[in-house]
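Per the numbering used here, the very first residue in the sequence shown carries number 2; after that it's consecutive.
Written below as structure tokens is the structure these notes are about.
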Amino acid sequence: MAERTDPEETPQFVTFQPWRIRLAIAVLFLGVLTAAFMIMPEGPWLLTTGPVLMVGFTAYSFVVNRSVTLRLDEQDVDVRQGWRKVRIPYEQITEVAVGPRTPWWPIGRRRMGDGATGYLMGGPSVRITTAEISMVVPAEESYRVAGAIQRQREHVIGERAADTEQAGR
Numbered sequence: 002m003a004e005r006t007d008p009e010e011t012p013q014f015v016t017f018q019p020w021r022i023r024l025a026i027a028v029l030f031l032g033v034l035t036a037a038f039m040i041m042p043e044g045p046w047l048l049t050t051g052p053v054l055m056v057g058f059t060a061y062s063f064v065v066n067r068s069v070t071l072r073l074d075e076q077d078v079d080v081r082q083g084w085r086k087v088r089i090p091y092e093q094i095t096e097v098a099v100g101p102r103t104p105w106w107p108i109g110r111r112r113m114g115d116g117a118t119g120y121l122m123g124g125p126s127v128r129i130t131t132a133e134i135s136m137v138v139p140a141e142e143s144y145r146v147a148g149a150i151q152r153q154r155e156h157v158i159g160e161r162a163a164d165t166e167q168a169g170r
């Protein structure tokens, strides 16, 4: 089967959760499960329920917090983490900047100290600000991602201004 290549491919930046963190989550959960076995060894339900919970929690962690995808569509920025999805139209963006370097332990969608919503993986990030919200999204090459969003934003706003100007003539 031949691969189709689109010359105007939508820019997409994916940040994966480091394997060390996923391994640490699995080991931590296994330790908690082992401690539960030691506290209540006579509970036969632990022999079936415990492993199911461990596999379920680990799978949940891998699926939901496995990666954050930042996609630059034609009219908006699309941010996805697991089944969570946020779309921000370029017209609403007031500022795009390189964000803070986030710690590795608060993984997932979190409210940050300054009120911003963070889709956290640990490491470098990009801050996208609108009149209503501020969002911190992980990005390995944060300067490149912030620049790409800013260029796309200026392009969309410029196109809208040109369309409005031509419609007014």
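Built from N, CA and C at the ideal position, the CB exists for glycine as well.
In terms of Cα proximity to L29, the closest of R112, S126, M55, A140 is M55. Look at P90 here: in three-state DSSP terms it is strand. Between V137 and A117, the CB-CB gap stays under 8 Å. Using a Cβ-Cβ distance cut-off of 8 Å, the stretch 66 to 85 and the stretch 118 to 128 are in contact, since at least three pairs of beta carbons, one from each stretch, lie closer than that value. For a cut-off of 8 Å, the C-beta gap from L34 to I150 is around 42 Å, too long to register as a contact. When P12, R161, A168 are compared, the shortest CA-CA separation from L71 is found for P12. Secondary structure note for T131: its beta strand (DSSP E) is the uninterrupted segment 126 to 131. Per DSSP, the continuous beta strand (DSSP E) segment holding D77 begins and ends at 77 to 82. Distance from A147 to V97 at the Cβ level is roughly 5 Å; contact confirmed, criterion being Cβ atoms closer than 8 Å.
R102 sits in coil when the DSSP states are folded into three classes, being neither helix nor strand. For the 8 Å CB-CB criterion, I40 and I89 do not form a contact.
Between S126 and P101, the CB-CB gap stays under 8 Å. Rounded to the nearest angstrom, the gap between the Cα atoms of Q153 and V15 is 18 Å. Taking all protein chains in view, the Cβ of Y91 is crowded by 16 or more other Cβ atoms within 10 Å, so the residue is classified as buried. Selection F58, G124, M113, G114 evaluated against V69 yields G124 as nearest (Cα-Cα).
DSSP, reduced to helix, strand and coil, places Q13 within a strand of the structure shown.
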